[in-house]
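Chains as they are written, first to last, in the working numbering: chain H, 1 to 593; chain Y, 1001 to 1113.
See below for the structure under consideration.
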């Protein structure tokens, strides 16, 4: 892993062995077991541990069988791992199990944000141009413009797109990471192992229908180009003296000898950078940091690329995004202490089960980072450490203290580092002497390690399932509110996430009880605030109370079940408040102005 | 690529873009419309643009088809929204034109000795 590999070597053709066939069948059995088991889970999920608390044991049998199969396939024989289609099939099964599990449970997309993003795309496609004063999304509309075009041109059901977006996005990310590994190692075992670890460590849950998922894919494509056609071969580093640095810098040579190819790759990179700048607030900064670090390491040929990317970013901020930035200074909530409070302290509250989920997320991240550190040391001792991988794993951390990003910066940082953490961690999981074929003893270590990572990832990813997996009754309540509420009325839900705003994005004032009463949700304090807010709205208000949103407040420690019942009891006896809709999982109260 | 004439893949790509753009604009039953629109909006432009680069690695080529297809559609759609000329039909036409223009550029590369 010391230099860019110019021409990835093709895997030579071999006949299908009995092991290949058995691995393929075992993969199919794993998928059937896991999907079948997930389909039996009842919604709403009734565990503060999330899906992991309610998934029946055949799901875990499927996960275990899949990991055993992967290790057998990875071990292969003396010529290499199992055939490429077999390895690809196992990756596909893993993606379906880990990232499609919720889609086997219910046909309603998880979480609130995907619904909101559908609403923004719908608003765009029904509007004349882009009004940046609406909210932040309309200052970075690239992804939503793409989504609006695709949804309208294809006629595909938007909810289906949102439901399967995690699987689609993981497919895109894995494609990019797969190509990336071809520039870093010739060892097929290591390449497949990186993809496996990338899946097993992907608890961040950022693969839903979102600009950041799209931006992350484009980020990975840019990194591939920087590692491939735009890479430079650096000379031996002699020291930090000015003369040494100058000589070292001038001795760089392009890894790709064809100038036309390099220019083409540069043009593609600039297009991707521009689209990233237009699509997401955070990704261009992470890209700029990574690009700058790689260039300063002498491993990128076009040395002015970070400067050009920086200019593109500034131009976007100064012109199309200026409306949002004028009211929201980007460094307003910066600082290490603020970042730690928002990303760690504020998240470690709630019920015992929820706290365990948070600890699992932190633990999984630390395990992977520890493996990556061990892999880095191992590669360094063997003089095969690629400094670019280390830089790409570490540089996202630089952004952590700059912006709290709503308490999500650590999640984003760990996601952007993950592909490179997986590459470094893979070093420590394969033998170093001679062949990288795992020994029988090594196999006994790999299987429980992968199974443990899979359990932790399912726990971390779906740990909020009690409140981000919605029942059909809850969707019926949201549809009822959409039908009942006249334009201009306020719609008040108990908490995020609520699956609303997928249509009529601009027609209502959307608020949650936790927004209106950020510090105290007691009936005595919060009740009058909510009532006044709805009552004083000229078009009236609709109070949407769903089981999942109530669970969100309880699980995260903002109120108790009893406290929430008292709040509802107080509200429903007020003057002008009447029950407009109800079912087993939701109530809708109309507040007459 | 013969070095003297336009290659068949280039011709096929350009003609597919023309044909599928028209078919998509006129409309097809739902599953076919979905497939046709995805091909004409993402796959064909991505493939035509990626072929302008001498990419020898098939995996990188496939990644560039996806990346370029999605990025160019995002750029075209965003620009149309800012210019208040957006419609999905206009996007289909524009992506078809981009594909044909990329094929013409590729054809010029191929006929140049």
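Don't be surprised by glycine CBs; every beta carbon is placed ideally from N, CA and C.
- prompt: Whose CA, out of 500/H, 237/H and 215/H, lies closest to the CA of residue 169/H?
  reply: 215/H
message: Let me see if you follow: with CB-CB separation under 8 Å, is residue 322/H close to chain Y or not?
response: no
query: Mind listing which residues of the segment 1011-1039 of chain Y have their C-beta closer than 8 Å to chain H's C-betas, in chain order?
result: 1024, 1030, 1033, 1034, 1037 and 1038
CB contact flag (residue 1092/Y, residue 1016/Y, <8 Å): no
- prompt: If we count Cβ pairs, one from each stretch, closer than 8 Å, do we get three or more for the segment 239-246 of chain H versus the segment 191-209 of chain H?
  reply: no
- request: Reducing DSSP to helix, strand and coil, say where residue 45/H ends up.
  value: coil
task: Starting from residue 77/H, follow the alpha helix (DSSP H) in both directions and report where the run begins and ends.
output: Unbroken run through residue 77/H: none, as it is neither H nor E.
task: Determine the burial state of residue 457/H: buried for a count of at least 16 other Cβ atoms within 10 Å of its Cβ, exposed for fewer.
output: buried
- prompt: Between the C-alpha atoms of residue 1086/Y and residue 123/H, what's the straight-line distance to the nearest angstrom?
  reply: 13 Å
field: Three-way DSSP call (helix, strand, coil) for residue 125/H in this model
entry: helix
- request: Decide if residue 381/H is buried, meaning its Cβ has at least 16 other Cβ atoms within 10 Å, or exposed.
  value: exposed
task: Classify residue 269/H as buried or exposed, calling it buried when 16 or more other Cβ atoms lie within 10 Å of its own Cβ.
output: buried
query: Is residue 542/H helix, strand or coil when you go by DSSP?
result: strand
- prompt: Could one say the Cβ of residue 150/H lies closer than 8 Å to chain Y's Cβ atoms, at least one of them?
  reply: yes
field: Closer than 7 Å at the beta carbon, the chain H residues around residue 1067/Y
entry: 218, 221 and 272
- prompt: In this structure, what does DSSP give as the bridge partners for residue 579/H?
  reply: 589/H
task: Answer with yes or no whether the minimum CB distance from residue 124/H to chain Y is below 8 Å.
output: yes
task: Say whether chain H places a C-beta atom closer than 8 Å to the C-beta of residue 1007/Y.
output: no
- request: Could you run through the segment 1079-1091 of chain Y and flag, in chain order, every residue whose CB is less than 7 Å away from some CB of chain H?
  value: 1081, 1082, 1084, 1088 and 1091
task: Using the Cα positions of residue 1043/Y and residue 1069/Y, report the straight-line distance between them to the nearest angstrom.
output: 6 Å
field: Below-8 Å beta-carbon distance, residue 135/H vs any chain Y residue
entry: no
- request: Could you tell me if residue 280/H is buried or exposed, where buried requires 16 or more neighbouring beta carbons within 10 angstroms of its beta carbon?
  value: buried
- prompt: Quick one: what does DSSP say residue 319/H is sitting in, helix, strand or coil?
  reply: coil
field: Stretch-stretch touch, CB-based, cutoff 8 Å, three pairs: the segment 415-424 of chain H with the segment 199-209 of chain H
entry: yes
task: Check the Cβ of residue 1073/Y against every Cβ in chain H and list those closer than 8 Å, keeping chain order.
output: 146, 149 and 150
query: When Cβ atoms are compared, which residues of the segment 174-195 of chain H fall closer than 8 Å to chain Y?
result: 175, 176, 178, 179 and 182
Outcome for residue 94/H when other beta-carbon atoms lying within 10 angstroms are tallied against a minimum of 16: buried
query: Is it right to say residue 1027/Y is buried, meaning 16 or more other beta carbons lie within 10 angstroms of its own, or is it exposed?
result: exposed
task: Could you work out which residues of chain H lie near residue 1060/Y, taking near to mean beta carbons separated by less than 9 Å?
output: 8, 179, 182, 183, 224, 225, 228 and 229
task: Using a Cβ-Cβ cut-off of 8 Å, state whether residue 416/H counts as contacting chain Y.
output: no
- prompt: Which one of 88/H, 75/H and 106/H has the shortest CA to CA distance from residue 171/H?
  reply: 88/H
message: Can you pull out the residues from the segment 1042-1056 of chain Y whose beta carbon lies closer than 9 Å to at least one beta carbon of chain H?
response: 1042, 1049, 1050, 1052, 1053, 1054, 1055 and 1056
task: Measure from the alpha carbon of residue 44/H to the alpha carbon of each residue in 447/H, 562/H, 474/H and 531/H, then state which is nearest.
output: 474/H
Under 9 Å (Cβ pairs) to chain Y, residues found in the segment 520-545 of chain H: none
- prompt: Is the beta carbon of residue 230/H less than 8 Å from the beta carbon of residue 167/H?
  reply: no
task: Please list, in chain order, all residues of the same chain as residue 1005/Y whose beta carbon is under 8 Å from its beta carbon, the five residues on each side excluded.
output: 1110 and 1111
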